[in-house]
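Asker: Here our numbering is used: the first residue of the sequence shown is 79, the next is one more, and so on.
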Amino acid sequence: MVSHERAESVRSAAEASLLAGRRRYNRNEVAEKAEVSPELARRLWVSLGFPASADDSACDYTDADIVAIQRFREVGILAGADARQQAATARTIGQTMARLAEWQVDLVLDEIDRRVAAAGADGDRDQITRTATAETVALLESLLSYAWRRHLDAALSRNLEESGPAADSTRVLAVGFADMVGYTRLTRHLHPDELSTLLEAFESTTNDAIAENGGWVIKNVGDEVMFAAESPLAAARIALALQESTMTVGTTPELRVALAYGPVLQRFGDLYGSVVNIAARLTGVARPGTILVDDGAAAELDGEKELNIRHLRSVRVRGFNRLRPHLLRRNGKAES
């Protein structure tokens with residue numbers, strides 16, 4: 079348990095490094111200086127995931143908060159958007175950053191503790207805390223900026239590769255899911271450290287298989303990863319790599335994998351539509367260790383020499399009266 083004195087020292091050092099100035103403005107002053115209405119300033123603040131004080135006179139804001147609102151308005155498409163679109167954009171940014179910040183807390187605290195311990199009893203704990211916090215924050219900020227720039231470059235390339243900027247957010251993609259079998263039952267018997275190891279093995283294995291075969295991760299949700307690829311062939315190679323790498327590593331339970339191909343709605347980095355729903359439903363009916371694909375993917379993959387596709391009987395799943403799955407294997411794999 080961190081002592082009150084220790085917590086205050088870390089909190090003070092964090093604010094000095096992260097807020098880029100002292101809290102000196104209330105919400106009305108921020109709105110006036112940023113040249114927006116107090117209502118918009120509050121909406122953006124809450125959408126980013128921060129609690130808004132009921133007291134408009136509370137000095138909760140810094141110069142950086144004013145600059146952020148001004149920068150937000152400088153993006154032409156956002157400046158001209160309605161309040162709902164602006165709030166949705168802020169909400170997506172906030173949710174993404176909040177998740178990053180939650181796990182980075184441990185990195186910052188561990189680095190502070192490491193440096194304090196190394197300095198021994200003669201070290202100035204407050205000064206060490208301030209220095210460690212500032213340097214660790216700067217390092218993380220640099221790494222995040224690097225990774226974001228590289229991912230934005232890759233995303234731009236994917237979107238521009240075929241026909242230039244799309245008029246809307248609809249794209250034709252292959253969407254897949256990989257789900258750990260028996261995860262709920264298994265976690266009832268695992269120590270938190272064992273669960274952490276299991277999830278790390280699953281995420282690292284699936285991330286490598288997806289990235290190395292030309293796809294990208296849409297999201298991880300506990301025992302499941304959702305991925306996308308430009309073509310059914312790339313998605314099929316990802317699915318095969320997922321199953322094969324899991325069997326090779328042997329540190330995670332068996333997987334159920336399925337994919338579907340067709341038009342999807344792309345919104346704030348996530349994907350929506352019937353293609354996504356079909357892929358999810360097929361994952362639910364797949365047998366452990368197998369890969370199922372839908373009609374759209376099967377038609378595109380037909381004739382690929384490296385693949386073997388076996389047509390299965392239609393199944394009834396939630397939302398679809400007749401859904402026809404197709405079993406995907408690497409060509410030459412024995413029938414079972």
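We put the CB at the ideal spot given by N, CA and C, even for glycine.
Leaving out five residues before and five after residue 388 in sequence, what residues of the same chain have Cβ atoms less than 6 Å from its Cβ?
Answerer: Closer than 6 Å at Cβ, skipping near neighbours: 405.
Asker: Is the beta carbon of residue 139 closer than 8 Å to that of residue 108?
Answerer: Yes. Within cutoff.
Asker: Taking buried to mean at least 16 other C-beta atoms within 10 Å of its own C-beta, is residue 245 buried or exposed?
Answerer: The predicted position of residue 245 is uncertain, since its pLDDT is 42 and thus under 50; a value taken from the coordinates is nonetheless stated next. It is exposed - the Cβ of residue 245 has fewer than 16 other Cβ atoms within 10 Å.
Asker: Indicate the three-state DSSP secondary structure (helix, strand or coil) for residue 308 in the structure shown.
Answerer: In the structure shown, residue 308 sits in coil (DSSP, three-state: anything other than H, G, I, E or B).
Asker: Between which two residues does the beta strand (DSSP E) harbouring residue 255 extend?
Answerer: Element bounds for residue 255: 248 to 258.
Asker: So is residue 178 in contact with chain C if we call contact Cβ pairs under 8 Å?
Answerer: Looking for chain C here will not work: only one protein chain is present.
Asker: Under a Cβ-count criterion, where at least 16 other Cβ atoms within 10 Å of its own Cβ denotes burial, should residue 346 be classed as buried or exposed?
Answerer: Exposed is the call here.
Asker: Counting only the same chain and skipping the five closest in sequence on each side, list residues whose C-beta sits under 8 Å from that of residue 312.
Answerer: Excluding residues within five positions, the ones whose Cβ falls inside 8 Å are 252, 291, 292 and 293.
Asker: Measuring straight from C-alpha to C-alpha, what distance separates residue 146 and residue 164?
Answerer: Roughly 13 Å separates the two Cα atoms.
Asker: Answer with buried or exposed for residue 242, where buried requires no fewer than 16 other C-beta atoms within 10 angstroms of its C-beta.
Answerer: Here residue 242 scores only 49 on pLDDT, less than 50, and its place in the model should not be relied on; the value that follows carries that caveat. Classification for residue 242: exposed.
Asker: Does the beta-carbon of residue 403 have 16 or more other beta-carbons within 10 angstroms, so that it is buried, or is it exposed?
Answerer: Buried, by the Cβ-count rule.
Asker: Residue 126 by DSSP, collapsed to three states: which one?
Answerer: In this structure, residue 126 counts as coil in the three-state DSSP scheme.
Asker: Could you give the first and the last residue of the continuous alpha helix (DSSP H) run that contains residue 349?
Answerer: Counting along the chain, residue 349 falls outside any alpha helix (DSSP H), though it belongs to the beta strand (DSSP E) covering 348 to 350.
Asker: Between the segment 227 to 234 and the segment 279 to 286, do three or more beta carbon pairs fall short of 8 Å?
Answerer: Because the criterion of three Cβ pairs below 8 Å is not met, the segment 227 to 234 and the segment 279 to 286 do not touch.
Asker: Would the segment 177 to 186 and the segment 354 to 371 be scored as touching if the rule is three or more Cβ pairs under 8 Å?
Answerer: Taking 8 Å as the limit for Cβ pairs, the verdict is that the segment 354 to 371 does not touch the segment 177 to 186.
Asker: For the alpha helix (DSSP H) that residue 218 lies in, which residues bound it at each end?
Answerer: Where residue 218 is concerned, the enclosing alpha helix (DSSP H) stretches over 203 to 238.
Asker: DSSP three-state call for residue 340: helix, strand or coil?
Answerer: Looking at residue 340 - three-state DSSP - the assignment turns out to be strand.
Asker: How many Å lie between residue 341 and residue 306 at the Cα?
Answerer: Straight-line Cα distance between these residues: approximately 12 Å.
Asker: Taking only the alpha-carbon atoms, compute the straight-line gap between residue 150 and residue 119 and give it to the nearest angstrom.
Answerer: One C-alpha to the other measures close to 11 Å.
Asker: DSSP puts residue 299 in a beta bridge; with which residues?
Answerer: Looking at the DSSP assignment, residue 299 forms a beta bridge with 302.
Asker: Going along the chain, which residues of its own chain have a beta-carbon closer than 6 Å to the beta-carbon of residue 393, five neighbours each way excluded?
Answerer: Once the five neighbours on either side are set aside, the close Cβ partners of residue 393 are 363 and 401.
Asker: How many angstroms separate the CA atom of residue 137 from the CA atom of residue 131?
Answerer: Taking the straight line from one Cα to the other gives about 10 Å.
Asker: Below 8 Å, how does it come out for the segment 185 to 192 and the segment 207 to 227: are there three or more Cβ pairs, yes or no?
Answerer: Yes: the two stretches touch, three or more of their Cβ pairs being nearer than 8 Å.
Asker: Got a sec, what are the start and stop residues for the beta strand (DSSP E) residue 406 sits in?
Answerer: Unbroken beta strand (DSSP E) run through residue 406: 404 to 408.
Asker: Taking buried to mean at least 16 other C-beta atoms within 10 Å of its own C-beta, is residue 390 buried or exposed?
Answerer: Answer is exposed; the Cβ neighbour count stays below 16.
Asker: If you compare alpha carbons, which of 352, 207 and 210 is closest to residue 248?
Answerer: Cα-wise, what sits closest to residue 248 is 352.
Asker: State yes or no: is the C-beta of residue 320 within less than 8 Å of the C-beta of residue 333?
Answerer: A contact, by the Cβ cut-off of 8 Å.
Asker: Please go through the segment 372 to 398 and give each complete beta strand (DSSP E) segment of 3 or more residues, from N-terminal end onward.
Answerer: Segments of the beta strand (DSSP E) lying fully in the segment 372 to 398: 385 to 389 and 393 to 395.
Asker: Quick check on this structure: which residue in 174, 105, 194 and 258 has the alpha carbon closest to the alpha carbon of residue 324?
Answerer: Looking at the Cα atoms, 258 is the closest of the given residues.
Asker: Taking the CB atoms as reference points, tell me whether residue 331 and residue 379 lie closer together than 8 Å.
Answerer: Cβ atoms of residue 331 and residue 379: not closer than 8 Å.
Asker: Along the chain, where does the alpha helix (DSSP H) that runs through residue 113 open and close?
Answerer: Taken as a continuous stretch (DSSP letters only), residue 113 belongs to no alpha helix (DSSP H), as it is neither H nor E.
Asker: Would you check whether the ligand NAD has a heavy atom nearer than 7 Å to the C-beta of residue 279?
Answerer: Questions concerning the ligand NAD fall outside what the structure shown contains, since it holds no ligand whatsoever.
Asker: Where do the ends of the alpha helix (DSSP H) carrying residue 131 lie?
Answerer: Run containing residue 131: none; DSSP gives neither H nor E here.
Asker: Any idea what DSSP makes of residue 118, helix, strand or coil?
Answerer: The answer is helix: DSSP assigns residue 118 an H, G or I state.
Asker: Among 123, 280 and 90, which residue has its Cα nearest to the Cα of residue 206?
Answerer: Comparing Cα-Cα distances from residue 206 to each of 123, 280 and 90, the minimum goes to 90.
Asker: Count the other C-beta atoms from every protein chain shown that fall within 10 angstroms of the C-beta of residue 254, then say buried if there are 16 or more, exposed otherwise.
Answerer: Looking at its Cβ environment, which holds 16 or more other Cβ atoms inside 10 Å, residue 254 is buried.
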